[in-house]
Structure formats: C-alpha cells, structure tokens
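So the number in the numbering used here is just where the residue sits in the sequence shown, counting from 1, plus 497. Every residue gets a Cβ at the ideal spot worked out from N, C-alpha and C, and that includes glycine. What you are looking at is a predicted structure, and each value in this text was computed from that prediction instead of being measured.
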Amino acid sequence: MPVRNGPAPCAPRALLAIAVSLSGWLTAGAAAAQAPPRDAQAEATLNEAMGTDYLETRFDQAERKLRAAIDACGESGCSPAVKARLFVALGSVLAQGRKELGDARDAFADALRIDPSARLDPGLATPEVSFAFEQARAATGAGASAAAGARLQMTPPPEQRVRTPVPLYVEVPADLLPSVKQVTVWYLPPGEDEYRPLVMKKLRGQGFGINVPCSALEKEGTLRYHVAAVDEEGAILASAGARDAPLATEIKARPAAAPPHWPGYAPPATCAAPEKERPRQCLDDRQCNGGLACVGGSCVARSTSEATSEASVAAPDVRRNWVSLTFSPDVALLSGRDVCTVASQASDNFVCLRGDGTRYDGTPTPGVANDVNLGFALATLRVALAYDRLLLDNLTVGGRVGFAAGGTSGGGASFLPLHLEARAQYFLAARPFEQLGARPFVLAAAGVAQVDAAVDVEVLEDAAACGAKADLTSPCTRPGRSGRLEPRQQTLAATRQAGQGFASVGVGVAYAPLDAVSLNLALRASLTFPAVTAVLSPEVGLSLGF
C-alpha cells in the first residue's frame, strides 16, 4: 500500500483534541463498571492515535496503533461501540491522511456492520472522509438517509478551451437547501489519476458555482468530476455524478460550442489572453478594478454599463415591488395621577367615561384613587395595506395606509381611525431578495396615527363638592356639572388618547418560502406626539412580490 501523506485535518487542533479526549473520557466513565476487559486500553489507544498522532499528521503511526488496537480487541475483547469507533477512526485516517478512499470505505463498512449506529466525528468530517463514509453506508444499508439519494440539478458543460477555467454550476433542491453546509466538487484533470476537491461558492437562489482552475487544464483530454452536498455532520444529502460514474467535459484546443458560463454570469476568460482583451468574470463590483462595474457577471467600464446591461444575462431576477397586508396590535405604556378630574381630562388627553358611556365630569376626592400606575395596556388594533419598493440590494422604501379599531369616541371624545405611514427597511443580509429563506431587517417609520389605551379607574366623589357626609357610604345629594347625582364610589373607563403623529424604529424578519411570497414578523417601538406615549407594536403580515 503506497504511503501518501495528505494535508493536515481541517478542524482546529485544539478544539478537536478536546473533543476527542472528552468523548473518550465520557464513554470510559459511563461504562467503566461493566466494560469488556480491553475497552479501557482501546479507548486510551484511540485517544492517543487521534488526539496526538492524527493532529500532528503522523498518519502512519495513527494507523498502526488503531490496527493494533482492533487486533487486540479480537472477537469479544471490546464492546461493539468501542470497536466500531476504532474502525471509524481508522477510516478517517485512511481517507483524510492517506487518501486511500477504497480502504477507508472498507473500514467504515466494518464499523457499521459491528454497530449500525456508528457515526463520524463532526470534527473529522472532511469531504474525503464523508464521501468514503457515505459509500460504506450505501454498501451496508446501515443508517442511510432518504435524502442521500437526492440529485443535484447540474448540466455539465460539453466542452471548454484549454487553459480556460471550466465553470461548474449546480442547484440544490429547495427542500434540502436549509440543511446544506457545504457543496464540494471532486475533479480529475486530463491525464491524471487522483481527484482534487473544490468547495463551491453560494451564488443566487439555490445555485452553487466554482471554476476548475487553468492549472488543471493545460492539455486536451477529458475533465471528469462529481459533486456532493453535505450537512453539518458530513452526511451526503444530494449528489451529481459519482467517482465510478463521473460527469465529464471535453477540453479542446478549438471547441465548437459557445463558451460555458454560470447562469447570469460572464464566461471565464482564457488564462493566456492579455488582461485588456478579456472580460473579467465577477460576482459584484468589489471584484472589479477601479472605474469598472460588475454588470452581467463581467467587469465593464462604468460609463458603458447601461448600454451593456441590456445584453447581459446576469441582471438579478428579483422582485422589486412588494404589496403586503399587515395586522398590528398596539400596547401602550401609560401612567397618570388624578386622571379623571376635569382639569386632567382637558390637559392630559384622558377621557373618563361612566358605565353608560357618558363623559364623567364630577369632582373626585383629591389624593384618593383616581390614578393609573405605570404599566402596559392593550390599545388600538390596526390593519394596513402596504407597498414597498426595493431600491438597493437590501433597502426598501414604501408606505402603508390602513385603519385602526378600538379607539374611544364616546362622551364627546374624537378618534382618528386612519393610519398613514412612510417606512424604510434595511435588510442585514447581502442581496437577500436573490435567495429564499429568512431575511432579517431593521426599520424606521413615521406617520399619522392615534393610539387609545383604556384602563379602569376607581374614583371617590368629593364629599364637600357633592353634598355628602364624611362617611364613605354617605350618598351625594348635590348634582354635579352635568346636573346628575354621581355615585359616591364608581369605576370609570379612563382612556389615554395619544398621537396623532408618531415615529418608530424596529426589528423584524421576513421569511420567503417562495420567490414571490414572504411572511413577515416585526416589532416596532414608537413615540407619539404631541400627546406623548411610548407604544410597542408587534406586527404580522403577508407580502407578494412582482
């Protein structure tokens, strides 16, 4: 068996050493009382081989120690779980350190036959290790996931010119996209016998792309490759091609087909061409030199970008106009003292109504009840129709018009049911409207609205003013301002009327399950004026884009 040392494992050494050691301690401690006789020794060897030799790239030593530990376990000297872990570790060494994927697959298969629940250490789940492990799962049928047979959507370029990058592009099924951690392509250059990995970049929507570099395409022949999407644990969720049945692109000196490219991007330039004679492939303006803009996936002079854009296939197909229907309850923070006096109702924007809906105009006893303690109270409810326009990649500006319910209009009070609002929303992700999923944002808004919040207030009619005796049970005998006798004690509905202008800031998240549909949740914190009240407003809505 040839020895070929590969690159050091991808996981940080310190974290991996802690994970391996801690895993060994926990396993040994939990089973120490009834472990088979060689479990403790096998665990110690495993920790030494993977926590020291493997991390320091001494793959030969790690392999020897693991094989010796497996031999020492024999048929029954170690528990199935411990022996399976030895085989998993051996497979990881063979796949990552030795690049012997066939032998690694066999080691993983042995582990799964012993313990079908055996899993990879996430810290060791490099593309090579995950590939070999998935082959073993397919061969043994142990623990294979239903998603593992899913196919990536990929159309291989039929041909490409020599010394020119080959642009490979795949789309991940929408239902798997949230679970995908990484998409990797393994390619075999013409005339070579060892695959090389490349991690693909996230492009628009469900797409991932990467260019096979010029250094692998110096001569004519067949470029072979296969692609796999893996999750957090390194399990393959979907693939295109396979190592024993790869996809292919012919590398020719004079190809007949048009230059291949990612959808919506310029074709990559021939590496031998002078810089000034070739378009520069780009993802955004930051990848272009000064004075150039990224239009249609290639760098062009800013002065000609408008003329070039109509011939571009790279203009993002995003929905720039969004209409929404939103619902929002208001929760007001309010307080007050002596709120139902005639003076307070005139100056502090309180309205106090009796049980029959008439305006209270009696004389409460000073300093007795008649207060609203500081706290939140449910206020008005709002429904609004909104329109937002995407101006930049992650900035929308728009307005909302709607109506509010739950305001107070009895007893001569007035309520403005109209809601008018101008709003700007800044989305925190780069180009969020080019992909599905969550789109967090912050917002700022201002407009016209009235917020009415009602609470119950107890009042005790002033004895001297209403002709009652000092006894609290003594009834009033003298009519008040409205010509009616007030009950000596009564409960009033005190409403704080705030507004009719407001300014808001807030946070939210829009979730797009489809290209033209978005479910929105937000929380606004507002301050009303000139009648000042702080208001919190949770908001839920449904948006349609076009």
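| message | Less than 7 Å between C-beta atoms, sequence neighbours within five positions excluded: which residues of the same chain meet that for Ala610? | response | For the purposes of this step, residue 610 is taken as the residue at position 113 of the sequence shown. With the sequence shown as reference, residue 610 is identified as Arg, and Ala is not the correct amino acid for it. Closer than 7 Å at Cβ, skipping near neighbours: Thr637.
| said: Measuring alpha carbon to alpha carbon, tell me which residue in Tyr923, His758 and Phe584 is nearest Val939. | reply: The residue given as residue 939 occupies position 442 in the sequence shown. Closest by alpha carbon: Tyr923.
| task | Please work out which residues of its chain come closer than 6 Å, Cβ to Cβ, to Glu625, disregarding the five sequence neighbours upstream and downstream, and give them in chain order. | result | Position 128 of the sequence shown, counted from the start, is the residue given in the question as residue 625. Only Ala592 and Gln593 meet the Cβ criterion.
| message | Please return the same chain residues whose Cβ sits closer than 8 Å to the Cβ of Glu668, not counting the five positions on each side in sequence. | response | Looking up residue 668 in the sequence shown gives position 171. Hits under 8 Å: Leu649, Gln650, Met651, Gly702, Gln703, Gly704 and Phe705.
| field | Inter-residue CB distance, Leu874 and Ala950 (contact presumed, cutoff 8 Å) | value | Here the question's residue 874 lines up with position 377 in the sequence shown. Here the question's residue 950 lines up with position 453 in the sequence shown. Per the sequence shown, the amino acid found at residue 874 is Ala instead of Leu. 4 Å between Cβ atoms; contact.
| field | Sequence-distant residues of its chain with Cβ nearer than 7 Å to Ser802 (five each side left out) | value | As a first step, residue 802 must be located in the sequence shown, where it is residue number 305. Bear in mind that the predicted position of Ser802 carries a pLDDT of just 41, short of 50, making it too unreliable to give a figure here.
| message | By the DSSP assignment, the alpha helix (DSSP H) with Lys596 in it spans what residues? | response | Counted from its first residue, the sequence shown places residue 596 at position 99. Here Lys596 belongs to no alpha helix (DSSP H), and DSSP marks it neither H nor E.
| message | Taking the alpha carbon of Val663 as the reference point, which residue from Ser832, Ala755, Leu915 and Cys963 has its own alpha carbon closest? | response | As a working mapping, residue 663 is identified with position 166 in the sequence shown. Of the listed residues, the one whose Cα sits closest to Val663 is Ala755.
| query | Would you call Pro743 buried or exposed, if buried means 16 or more other Cβ atoms sit within 10 Å of its Cβ? | reply | Numbered from its first residue, the sequence shown carries residue 743 at position 246. By the Cβ-count criterion, Pro743 is buried, with 16 or more other Cβ atoms from all chains shown falling within 10 Å of its own Cβ.
| said: Closest to Gln932 by C-alpha separation, out of Arg740, Gly718, Ser1015 and Ala919, would be which residue? | reply: For the purposes of this step, residue 932 is taken as the residue at position 435 of the sequence shown. If we check each option's Cα against that of Gln932, Ser1015 comes out closest.
| message | I need the straight-line Cα distance from Val677 to Ala991, nearest angstrom please. | response | By 1-based counting over the sequence shown, the position of residue 677 is 180. By 1-based counting over the sequence shown, the position of residue 991 is 494. Straight-line measurement puts the Cα of Ala991 at about 55 Å from the Cα of Val677.
| message | Quick check on Glu540: does DSSP put it in helix, strand or coil? | response | Locating residue 540 in the sequence shown gives position 43, counting from the first residue. For Glu540, the three-state secondary structure derived from DSSP is helix.
| beta strand (DSSP E) segment containing Leu875, residue limits | Numbered from 1 along the sequence shown, position 378 holds the residue referred to as residue 875. Per DSSP, Leu875 is one residue of the beta strand (DSSP E) stretching across Val869 to Leu889.
| How would you write the range of the beta strand (DSSP E) that Gly1047 sits in, first residue to last? | Given a span of 498 to 1043 for the chain in the structure shown, any question on residue 1047 remains unanswerable.
| message | Using only the alpha-carbon positions, how far apart do Ala995 and Ala876 sit? | response | For the purposes of this step, residue 995 is taken as residue 498 along the sequence shown, with counting starting at 1. For the purposes of this step, residue 876 is taken as residue 379 along the sequence shown, with counting starting at 1. One C-alpha to the other measures close to 10 Å.
| Under the three-state DSSP convention, the category Phe900 falls into | Residue numbering aside, residue 900 sits at position 403 when the sequence shown is read from its first letter. Note: Phe900 maps to strand in three-state DSSP.
| task | Could you name the residues of the same chain whose beta carbon sits closer than 6 Å to that of Pro577, not counting the 5 residues immediately before and after it, in chain order? | result | For the purposes of this step, residue 577 is taken as the residue at position 80 of the sequence shown. Answer for Pro577: Ile611 and Asp612, listed in chain order.
| field | Span of the beta strand (DSSP E) around Phe1026 | value | Taking the first residue of the sequence shown as 1, we reach residue 1026 at position 529. Looking at the DSSP string, the run of the beta strand (DSSP E) that includes Phe1026 is Val1014 to Ala1028.
| From Val954 to Thr823, what distance separates their C-alpha atoms? | Reading the sequence shown from its first residue, position 457 is the one you call residue 954. Reading the sequence shown from its first residue, position 326 is the one you call residue 823. When rounded, the distance between both Cα atoms is 33 Å.
| task | Answer yes if the segment 858-868 comes into contact with the segment 973-993, meaning at least three C-beta pairs across the two stretches below 8 Å, and no otherwise. | result | Touching, per the Cβ criterion.
| message | Is the separation between the beta-carbon of Arg564 and that of Leu587 shorter than 8 Å? | response | Within the sequence shown, numbered from 1, the residue matching residue 564 stands at position 67. Within the sequence shown, numbered from 1, the residue matching residue 587 stands at position 90. With contacts defined as CB atoms closer than 8 Å, Arg564 and Leu587 qualify as a contacting pair.
| said: Taking the alpha helix (DSSP H) that Phe628 belongs to, which residues open and close that run? | reply: Locating residue 628 in the sequence shown gives position 131, where the first residue counts as 1. Start and end: Pro624 to Thr637.
| message | Arg936 and Asp890 - do their beta-carbons sit closer together than 8 Å? | response | Here residue 890 is taken as the residue at index 393 of the sequence shown, counted from 1. Here residue 936 is taken as the residue at index 439 of the sequence shown, counted from 1. Going by beta carbons, Asp890 and Arg936 fall outside the 8 Å limit.
| field | C-alpha gap between Ser627 and Thr746, whole angstroms | value | Residue mapping note: residue 627 aligns to position 130 of the sequence shown, counting from 1. Residue mapping note: residue 746 aligns to position 249 of the sequence shown, counting from 1. Here the C-alpha atom of Ser627 lies approximately 25 Å from the C-alpha atom of Thr746.
| request: Report the rounded CA-to-CA distance for Ala622 versus Pro534, giving the unit in angstroms. | output: Numbered from its first residue, the sequence shown carries residue 622 at position 125. Numbered from its first residue, the sequence shown carries residue 534 at position 37. So the two alpha carbons sit approximately 30 Å from each other.
| request: Measure the beta-carbon distance from Leu982 to Val956 and round it to whole angstroms, keeping in mind my assumption that it falls under 8 Å. | output: Position 485 of the sequence shown holds residue 982. Position 459 of the sequence shown holds residue 956. Actually they are not in contact, since the Cβ atoms of Leu982 and Val956 sit about 14 Å apart, beyond 8 Å.
| query | Got a sec, what are the start and stop residues for the alpha helix (DSSP H) Glu560 sits in? | reply | Numbered from 1 along the sequence shown, position 63 holds the residue referred to as residue 560. In the DSSP assignment, Glu560 falls within the unbroken alpha helix (DSSP H) covering Phe556 to Cys570.
| Close Cβ partners of Ala559 (< 6 Å) along its chain, the five nearest in sequence each way excluded | Here residue 559 refers to the residue found at position 62 when the sequence shown is read from its first residue. Within the same chain, Ala546, Asp550, Tyr551 and Val590 come within 6 Å of Ala559 by CB-CB distance, once the 5 residues on both sides are set aside.
| Whole-angstrom distance between Phe999 and Glu1036, CA atom to CA atom | For the purposes of this step, residue 1036 is taken as the residue at position 539 of the sequence shown. For the purposes of this step, residue 999 is taken as the residue at position 502 of the sequence shown. Whole-angstrom Cα-Cα distance: 16 Å.
| Which residue's Cα is closest to the Cα of Ala910: Gly872, Leu887, Phe847 and Pro752? | Mapped onto the sequence shown, residue 910 falls at position 413. Residue Phe847 is the option with its Cα nearest to Ala910.
| query | Where do the N-terminal and C-terminal ends of the alpha helix (DSSP H) with Val839 fall, by residue? | reply | If you number the sequence shown from 1, residue 839 lands on position 342. It spans Val839 to Ser844 - the alpha helix (DSSP H) in which Val839 sits, taken as one unbroken run.
| query | Are three or more beta carbon pairs between the segment 824-843 and the segment 878-893 nearer than 8 Å? | reply | The segment 824-843, when compared against the segment 878-893, does touch it at the 8 Å Cβ threshold.
| task | Could you check what DSSP says for Ala949 in three-state terms: helix, strand or coil? | result | Here residue 949 is taken as the residue at index 452 of the sequence shown, counted from 1. This sequence places Asp at residue 949; Ala is not what is there. Correct three-state label for Asp949: strand.
| query | Which one of Ala615, Gly620 and Ala647 has the shortest CA to CA distance from Arg634? | reply | Position 137 of the sequence shown, counting from 1, holds the residue named residue 634. Distances from the alpha-carbon of Arg634 to those of Ala615, Gly620 and Ala647 put Ala615 closest.
| task | Could you tell me if Phe556 is buried or exposed, where buried requires 16 or more neighbouring beta carbons within 10 angstroms of its beta carbon? | result | As a first step, residue 556 is located in the sequence shown; it is residue number 59 there, counting from the start. By the beta-carbon neighbour count (other beta carbons within 10 angstroms, threshold 16), Phe556 is buried.
| query | Start and end of the beta strand (DSSP E) containing Ala592? | reply | As a working mapping, residue 592 is identified with position 95 in the sequence shown. Under the DSSP assignment, Ala592 falls outside any beta strand (DSSP E); it carries neither an H nor an E label.
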